[in-house]
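A.B. asks: Chains Z and F, in that order, give the protein sequences.
The numbering of the first sequence is this note's numbering, which starts it at 16 and goes up by one.
The numbering of the second sequence is this note's numbering, which starts it at 27 and goes up by one.
Backbone N, C-alpha and C define an ideal beta-carbon position, used for all residues, glycine too.
All figures in this text were calculated on a predicted structure; none of them were measured in a lab.
Questions regarding the structure given below will be posed in turn.
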Amino acid sequence: MRHIALTLAIGGVVMSGFASAATLHVANNGLETAACGALDPCRTISRAINLAMPGDTILVRPGRYGDVNRNGAYDGLNEETGGLVSANSAGVLIDKPLTILSTEGADATIIDMGGITESAVRISADNVRFGERNKGFTLTGGQNFGLAAQGTNVFVTGNTATSQTFAGFYLVSAGIMEARGNTALDNPGTGFLAVSYNRGDPVLVAGNTARSNQLGIATGSISAHRIIGNKVINNEFAMAINYGESRIANNHVVGNRWGIAVNGYSDEPQNRGPQIVRNNFSGNLANSVAIYPGPEGVPVTIRENNFLGTDGFGVANLTQGTVNARHNFWGAPTGPGFLDPADEAGANVLTTPFATSEFAIP
Amino acid sequence: VTNYNEGILMKHVLNALAGALACLPIVANAATIHVANKGVDAPGCGTVEAPCRSISAGIAIAVEDDTVLVQPGRYGELDGDDVLGGTGEETGNFTSTVFIDKRVKVLSTHGAAATVIRGTSSRAMVVYIFADGAQFGDRNQGFTVYGANSHGVSNNNMSAGKVSGNIAHGMAVGFYIVSIGGEVEISHNTAVNNYGWGIIGASAGDTAGSTFIHHNTVVGVNNSTGIAASEKGAHRVIANHISNNHIGLQVGVGPSRVMQNIITDSWHAIVYAGQCLFCTPAPTGTPLIVRNSLIGNRYSALWVSHLAEFPLTFRQNNLFANGNGCAISTSTTVNIDARQNFWGTPSGPGFTPPSAGVCSTHDVVRTTPFATAEIPVN
Chain Z
16 MRHIALTLAI GGVVMSGFAS AATLHVANNG LETAACGALD PCRTISRAIN
66 LAMPGDTILV RPGRYGDVNR NGAYDGLNEE TGGLVSANSA GVLIDKPLTI
116 LSTEGADATI IDMGGITESA VRISADNVRF GERNKGFTLT GGQNFGLAAQ
166 GTNVFVTGNT ATSQTFAGFY LVSAGIMEAR GNTALDNPGT GFLAVSYNRG
216 DPVLVAGNTA RSNQLGIATG SISAHRIIGN KVINNEFAMA INYGESRIAN
266 NHVVGNRWGI AVNGYSDEPQ NRGPQIVRNN FSGNLANSVA IYPGPEGVPV
316 TIRENNFLGT DGFGVANLTQ GTVNARHNFW GAPTGPGFLD PADEAGANVL
366 TTPFATSEFA IP
Chain F
27 VTNYNEGILM KHVLNALAGA LACLPIVANA ATIHVANKGV DAPGCGTVEA
77 PCRSISAGIA IAVEDDTVLV QPGRYGELDG DDVLGGTGEE TGNFTSTVFI
127 DKRVKVLSTH GAAATVIRGT SSRAMVVYIF ADGAQFGDRN QGFTVYGANS
177 HGVSNNNMSA GKVSGNIAHG MAVGFYIVSI GGEVEISHNT AVNNYGWGII
227 GASAGDTAGS TFIHHNTVVG VNNSTGIAAS EKGAHRVIAN HISNNHIGLQ
277 VGVGPSRVMQ NIITDSWHAI VYAGQCLFCT PAPTGTPLIV RNSLIGNRYS
327 ALWVSHLAEF PLTFRQNNLF ANGNGCAIST STTVNIDARQ NFWGTPSGPG
377 FTPPSAGVCS THDVVRTTPF ATAEIPVN
């Protein structure tokens, strides 16, 4: 009850700030001179953001936004104007605490900046919700990023980012940052890049799909990022996890050329290494998990995973020491081995005791 | 009283048993064959305890009406050499990586985002279905297919069946599904970055076979066509989302119904050639295109060829923010019934943004009465 009362009190404080929350409307048949009403929608999301007050909701109807005339320049009528944050340009700049949703979802609502700006969308404020399940956006045409976000209480949901050279979703947490139910597809860079500058500011990447990217998901070394329940499929590299306290659990890592690489790089001294627990590694071409040398005395935890049909090693140890990979299922009740259906473990990988049956991964 | 109630109860039980027995000849032998990345293609495989490694082995064991249930992982070409024949790799047939030649269901346990079939560049299709009534995938139980030199999923000899819940990526055609008479369902699939067509629903040969294309997502590339519904058949193209193609949707002459689709960010949203060079006899009925949102496309919402010979009904659609202001662009001489559309403003068609207009060299497009508010399409 004490917790509930406290929560209600905090909620009251937050709500009092947004007491007159309104809904603004944006549509492809809107006008930039409009007031963003339901019957006189604006044409650009940027105008709605300019008119909005903190706590407002912006509803975006289907169609194309951004570089509307597709000439790769800021010159057309009805194009997003965005703005700059520390010299980083964005087609849509969300610099207020707002909720921005599409009415018909990412498949029908496209923000394409045509290479004009560094990111298609940038979030520079706290307390922002961008998209929801079936109410997100397709983001493309940023020079580097589909979406770049930095702040706390930032929730990015239901969006698709594609064809971005650096990252589909670049998520920098300053407290609470969550990406759920998004898709990163065909990015020549990274699908989801989760970092923070302070311990205690993790990014939650949950229930997303990273498909056919150069690198599916990457985490920085600072903070315990949580990579949970994602489907990471058909990427050149499934995940790159820097040494740190990140937790990688309940993911399906399937059909990638390389699986998870735990890199030796660390931004600062670490007490604990990444935990790779209860994931399903199926049909990856090279090693499902590869451990590179990291900070001395900081072990990686690899437990209760399924290693199935890996063409290379289930776990490859590229360090000078040993890697603890006990209690995993290696595809056969007999443990790791060279005969199908068992997956192999590399040299200096401790595998016993091993699981004799497959772990259920939701 | 007790005996009476027991008698009623027994009667119900007997009726239920009789009903169940009546059904037995159809389903009694239906079995589930299991396939997993931890499996081995060995005699007796296919059980939960000893799954097969390849879908092909599962299909070989199955009999009609069985289900081949596939766990997450990679299937098809496994070792990266782009050639089939290795341990655990699919066998398919000369033109496909997975060949479904029986009336079976092939489903995944965890959906397309966790279950991949990798084709090879030496075979035309990833999956080829040659069995009437077969099913490949279902909503949340499909596959990701890629890597063939032409098609993701294709079929023949089907008048019924279903292709559902799959993702086809980066080939010439994502899904090429033909019907020889009845209706084949193509639903809840995603076709992404296929450079020819995302989905083709076609009537085979001289038949009026039809497809039911619904709730699919098609994202194209430069010169691609999102969805094509062929001439002759009464295809139903409903509630699809189509974007980033040259042609969002191409519909042939015939009684097809195109409804509740959202088409955006393509060059032309819908193209109608209106001509059927190989239709003997001529198709019965003409396309009905209603309640679609065709917005934010680069050139026009509807483009009709000057060679069109058959008219078109095009009503209750939302038409605005299409590149050059021409919601309808044509030089045809056939009639286009374009009444009750919403042209972006309550004042009807025009060329002052956000209105969209008609660009036609002949007075064949009827636009009044027009809608004065956006039309809900869902």
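Is residue 375 of chain Z buried or exposed, if buried means 16 or more other CB atoms sit within 10 Å of its CB?
C.D. replies: When all chains shown are included, residue 375 of chain Z counts as exposed.
A.B. asks: Note down, in chain order, every chain F residue with its Cβ under 8 Å from the Cβ of residue 123 of chain Z.
C.D. replies: Under the 8 Å cutoff, chain F gives 267, 269, 288, 290, 319.
A.B. asks: By DSSP's criteria, residue 127 of chain Z is part of a beta bridge. Which residues make up the other side?
C.D. replies: For residue 127 of chain Z, which the question treats as bridged, DSSP gives the partners Z/81, Z/155.
A.B. asks: So who's on the other strand from residue 378 of chain F, going by DSSP bridges?
C.D. replies: Residue 378 of chain F pairs with nothing; no bridge assigned.
A.B. asks: What's the C-alpha gap between residue 141 of chain F and residue 295 of chain Z?
C.D. replies: Answer to the nearest angstrom: the Cα atoms are 12 Å apart.
A.B. asks: Quick check for students: name the residue ranges of the alpha helix (DSSP H) that lie wholly in the stretch 302 to 381 of chain F, counting only runs of 4 or more.
C.D. replies: Runs of the alpha helix (DSSP H) inside the stretch 302 to 381 of chain F: none found.
A.B. asks: In whole angstroms, what separates the C-alpha of residue 241 of chain Z from that of residue 297 of chain Z?
C.D. replies: Going from the Cα of residue 241 of chain Z to the Cα of residue 297 of chain Z covers about 21 Å.
A.B. asks: Indicate whether at least one CB of chain Z lies closer than 9 Å to the CB of residue 167 of chain F.
C.D. replies: Judged by the 9 Å Cβ criterion, residue 167 of chain F is not in contact with chain Z.
A.B. asks: Name, please, each residue of chain F whose Cβ falls closer than 9 Å to the Cβ of residue 315 of chain Z.
C.D. replies: Result: empty, since nearest Cβ-Cβ is about 23 Å, beyond 9 Å.
A.B. asks: What residues of chain F sit near residue 347 of chain Z, judged by a beta carbon separation below 8 Å?
C.D. replies: Per Cβ cutoff of 8 Å: 64.
A.B. asks: Please state if the CB of residue 174 of chain Z and the CB of residue 137 of chain Z are separated by a distance shorter than 9 Å.
C.D. replies: Contact: no.
A.B. asks: For residue 98 of chain Z, which of helix, strand or coil comes out of DSSP?
C.D. replies: Residue state, collapsed to three classes: strand.
A.B. asks: Which one or two residues does DSSP pair with residue 180 of chain F in a beta bridge?
C.D. replies: Answer by DSSP bridge pairing, in chain order: F/154, F/202.
A.B. asks: Name the residues in the stretch 56 to 85 of chain Z whose C-beta lies less than 7 Å from a C-beta of chain F; which are they?
C.D. replies: Hits within the stretch, in order: 77, 78, 79, 85.
A.B. asks: From the DSSP output, in three-state form, read off residue 121 of chain F for me.
C.D. replies: Here residue 121 of chain F sits in coil by DSSP.
A.B. asks: Quick one, which of Z/333, Z/345, Z/286 has its alpha-carbon nearest residue 310 of chain Z's?
C.D. replies: For the residues Z/333, Z/345, Z/286, the minimum Cα distance to residue 310 of chain Z belongs to Z/286.
A.B. asks: May I have the straight-line CA-CA distance separating residue 114 of chain Z from residue 322 of chain Z, to the nearest angstrom?
C.D. replies: C-alpha separation (whole angstroms): 41 Å.
A.B. asks: At the level of alpha carbons, what is the spacing between residue 370 of chain Z and residue 351 of chain Z?
C.D. replies: Those two C-alpha atoms are separated by around 10 Å.
A.B. asks: Sort out for me which residues DSSP pairs residue 234 of chain Z with in a bridge.
C.D. replies: Residue 234 of chain Z pairs with Z/209, Z/256.
A.B. asks: Indicate the three-state DSSP secondary structure (helix, strand or coil) for residue 192 of chain F in the structure shown.
C.D. replies: In this structure, residue 192 of chain F counts as coil in the three-state DSSP scheme.
A.B. asks: Find the nearest neighbour of residue 281 of chain F within the set F/263, F/199, F/304, judged by alpha-carbon distance.
C.D. replies: Checking every option, the nearest Cα to that of residue 281 of chain F belongs to F/263.
A.B. asks: Identify each residue in the stretch 105 to 137 of chain F for which the Cβ-Cβ distance to at least one residue of chain Z is less than 9 Å, and report them in chain order.
C.D. replies: The stretch 105 to 137 of chain F vs chain Z, Cβ under 9 Å: 105, 106, 113, 114, 136, 137.
A.B. asks: Is the Cβ-Cβ distance between residue 315 of chain F and residue 340 of chain F less than 9 Å?
C.D. replies: Cβ atoms of residue 315 of chain F and residue 340 of chain F: closer than 9 Å.
A.B. asks: Going by beta carbon distance, what residues of the same chain come within less than 6 Å of residue 193 of chain Z, once the five residues before and after it are set aside?
C.D. replies: Contacts found: 170, 219.
A.B. asks: Looking at C-alpha atoms only, which residue of Z/258, Z/233, Z/237, Z/302 is the closest neighbour of residue 270 of chain Z?
C.D. replies: Minimum Cα distance to residue 270 of chain Z is reached at Z/302.
A.B. asks: Show which residues of chain Z have a CB atom less than 8 Å away from the CB atom of residue 375 of chain F.
C.D. replies: None at all; the shortest Cβ gap to chain Z is about 13 Å.
A.B. asks: Report yes if the C-beta distance between residue 39 of chain Z and residue 63 of chain Z is below 9 Å; otherwise report no.
C.D. replies: The answer is yes: Cβ separation under 9 Å.
A.B. asks: Once you ignore the five residues that flank residue 292 of chain Z on each side, which residues in its own chain have a CB closer than 6 Å to its CB?
C.D. replies: Excluding sequence neighbours, residue 292 of chain Z sits near 264, 318, 319.
A.B. asks: Under a Cβ-count criterion, where at least 16 other Cβ atoms within 10 Å of its own Cβ denotes burial, should residue 249 of chain F be classed as buried or exposed?
C.D. replies: Exposed: under 16 other Cβ atoms inside 10 Å.
A.B. asks: Flag this pair as yes or no: are the beta carbons of residue 109 of chain F and residue 116 of chain F separated by less than 9 Å?
C.D. replies: Cβ atoms of residue 109 of chain F and residue 116 of chain F: not closer than 9 Å.
A.B. asks: For chain F, is any of its Cβ atoms less than 9 Å away from the one on residue 115 of chain Z?
C.D. replies: No, no contact with chain F.
A.B. asks: Please name the residue in Z/215, Z/211, Z/159 whose C-alpha comes closest to that of residue 105 of chain Z.
C.D. replies: Checking every option, the nearest Cα to that of residue 105 of chain Z belongs to Z/159.
A.B. asks: Secondary structure at residue 134 of chain F, three-state DSSP: helix, strand or coil?
C.D. replies: In the structure shown, residue 134 of chain F sits in a strand (DSSP, three-state: E or B).
A.B. asks: Pull the bridge partners of residue 385 of chain F from the DSSP assignment, please.
C.D. replies: According to DSSP, residue 385 of chain F bridges with F/355.
A.B. asks: Who are residue 144 of chain F's beta bridge partners in DSSP?
C.D. replies: Partner(s): F/102, F/172.
A.B. asks: Starting from the C-beta of residue 191 of chain Z, find all residues in its chain whose C-beta is less than 6 Å away, skip the five residues before and the five after it, and write them out in chain order.
C.D. replies: Result list for residue 191 of chain Z: 167, 168, in chain order.
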